[in-house]
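Its first residue numbered 1, the sequence shown is counted upward by one per residue in the UniProt record's numbering. This report concerns only the one structure given below.
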Amino acid sequence: MPENSRAIVNALEKVLTHLSEHPYPHVPTPQGTKKRASVAVIIRVRPPFTPVPPSNGSVIDVDQPTSPPSSLKEFFSQGWVQDGDPELLFIKRAGRAGDRWSGHTALPGGKRDPEDADDLAAAIRETREEVGLDLDTAPCLHAGNLPERLVSTSWGKEVLMVLCPYIFVLTGKTVPAIQPQPTEVASVHWVSLRALLSPTLRTRESVDISSRMAKHVGPVVHKMIRYTMGKMMFSAIRLLPTESVYASSIPGFIPDKGGDQLSTVSGWAQAPFGVPSSSKSLGYQQPIILWGLTLGVLADLLDQLPPYNAVKLWKYPTFTVPDLRLIVWILTRSFRKHSAETFSSGSWPSQTAMDATTQATAVSTSEPRAEGEHTPFEKDSVGIGGLGVGKDPQHAVGKLLHGYYERINLAIAVFLLYRVAVTTGVGIWIYRFWKRRRGANL
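So, in structure tokens, the structure goes:
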């Protein structure tokens, strides 16, 4: 077993015990919002390797506990857990036209239905429907929750839904078989916590934020913005699964074409110019990237585990176009330096998640709300692409990015003025050059 696995196991026990004893408060549905959604953070511990002896025709006694552990303390006290490797369950959503989450790496979960007794019941039902894992009957322990979030649109500035993450710990040495629902889930992956915490797997995800502007500015202006500003890059983790299960009945799982037909556009063209990678050919085998809302949800958990560097590994969002990226770097340099000094003394669990589609703000108050009292929501806090973090962020990533997007907006304004000035200057030079050549020929 790697040495850091034991440190992670010990820290995980303390964190989950605290969360189970001190759950985050319930966030009521804001007025005018119709949706609530729940996700399941499912944790298992992979036992250390032990050789399987030959049977020699005799029945092998399997070391099984007389009864499943009834508490987190009992579960973590077992030797195989102490020497094991904790893992999290992720799904890669199936590709569906018009679905904003199509192809994203996520946690099992979905919208709460009227028949669900509460948000926890919604997380259990959605997990059963999406991956075939029944948390009501499987040997597992409910280990509290992570902060509930208000997820809002980028342009409409209204709250789309309340997102409620719940934690479950599978307590058996083996887990029930996973069965992805092929119309919703392309694949399911177990990923070691060591991988999620490793600096070597941190990366960036490039997102075409101009697609959010298309219906507001028209296709021509949309394309101009896309090719001028390129893509926006966000912090991400490249997932390295220890075990994967694919929905083999999805269309195209076995390709009907081969050879060069499966090649994709090279990465240098994808990043600056927004050329999409192949999503039709072998889409289930595309890289598994964790970013945005789901990464923000898990940041609350990851930053409480060794080496306690989840916030330090968080990269500031920027752009793929070199001159815009340079302007962003210049205009945010003092901001980033000040933030680094602020956070150099320690780290805090994140309660704010950002991506190019939604903003998600956790409510961190510990005081219970009266029935009918609505959660405050800063409608004017949305920045570029819906990336604002509100006026009073309470925790690490919120503090890290508080005020950053105001500088991003300024950088974009400077960039557009600079591009207009350069384009105008070049146009004037070409016109004057043409006039001189024309005069010389007369």
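No residue lacks a Cβ here, since even glycine has one placed at the ideal position from N, Cα and C. All values reported here derive from a predicted model rather than from experimental measurement.
According to DSSP, R432 shares a beta bridge with no other residue. By the Cβ-count criterion, M233 is buried, with 16 or more other Cβ atoms from all chains shown falling within 10 Å of its own Cβ. Q82 places its beta carbon 8 Å or farther from that of V15. DSSP places V27 in no beta strand (DSSP E); its state is neither H nor E. Here I225 carries a helix assignment [DSSP, helix/strand/coil]. In the three-state DSSP reduction, Y166 falls in the strand class (E or B). With a 10 Å radius around the Cβ and a threshold of 16 neighbouring Cβ atoms, I327 comes out buried. The beta carbon of S235 is closer than 6 Å to those of W314 and K315 in its chain, skipping five residues each way along the sequence.
Selection A310, K257, Y227 and P180 evaluated against S248 yields P180 as nearest (Cα-Cα).
Take the alpha-carbon of I254 and the one of F168: they are about 34 Å apart. E205 is bridged by DSSP to F234. Here the alpha carbon of D119 sits roughly 13 Å from the alpha carbon of H142. Taking a cut-off of 8 Å on C-beta distances, the region 84-98 touches the region 38-47, as three or more cross pairs fall below it. Within the same chain, and ignoring the five residues on either side of F415 in sequence, the residues whose Cβ sits closer than 6 Å to its Cβ are L324 and I327. Comparing C-alpha distances from E341 to each of P322, V321, T320 and K312 shows the shortest one belongs to K312. Straight-line spacing of the CA atoms in A138 and I43 works out to 13 Å.
Burial of T318 is indicated by the presence of at least 16 other C-beta atoms within 10 angstroms of its C-beta. Under DSSP, L88 takes part in a beta bridge, and its partners are I43 and V191.
The beta carbon of R419 lies closer than 7 Å to those of T228 in the same chain, with the five residues before and after it left out. Within the DSSP bridge table, the entry for P241 names V191 as partners. If you look at A143, you'll find it in the beta strand (DSSP E) that goes C140 to N145. Shown here for D134: same chain residues with a beta carbon closer than 7 Å to its own, the five before and five after excluded, namely R128 in chain order. By the criterion of a C-beta distance shorter than 8 Å, F335 is surrounded in its chain by G403, Y404 and R407, once the five residues flanking it on both sides are discounted.
Pairing K111 with A195, the inter-Cα distance amounts to about 29 Å.
Looking at the backbone, the Cα of A122 and that of E130 are separated by about 12 Å. In the DSSP assignment, I250 falls outside any alpha helix (DSSP H), carrying neither H nor E. When the Cα atoms are used, N441 and K435 turn out to be separated by approximately 10 Å.
Annotated as proximal: Y166 and S38, with beta-carbon spacing under 8 Å.
The alpha-carbon separation between G427 and L417 amounts to approximately 15 Å. For P23, the closest of I430, F75 and E148 by C-alpha to C-alpha distance is E148. DSSP lists no beta-bridge partner residue for R438. In this structure, the alpha-carbon of L19 lies about 12 Å from that of A11. A buried status is given to G109, since no fewer than 16 other beta-carbon atoms sit within 10 Å of its beta-carbon. Around C140, the same chain offers F168, V169, L170 and T171 as residues with beta carbons nearer than 7 Å, after the five sequence neighbours per side are excluded. Rounded to the nearest angstrom, the Cβ distance from P30 to V151 is 11 Å, too far for a contact under 8 Å. Around the C-beta of H338, fewer than 16 other C-beta atoms lie within 10 Å, and the residue is accordingly described as exposed.
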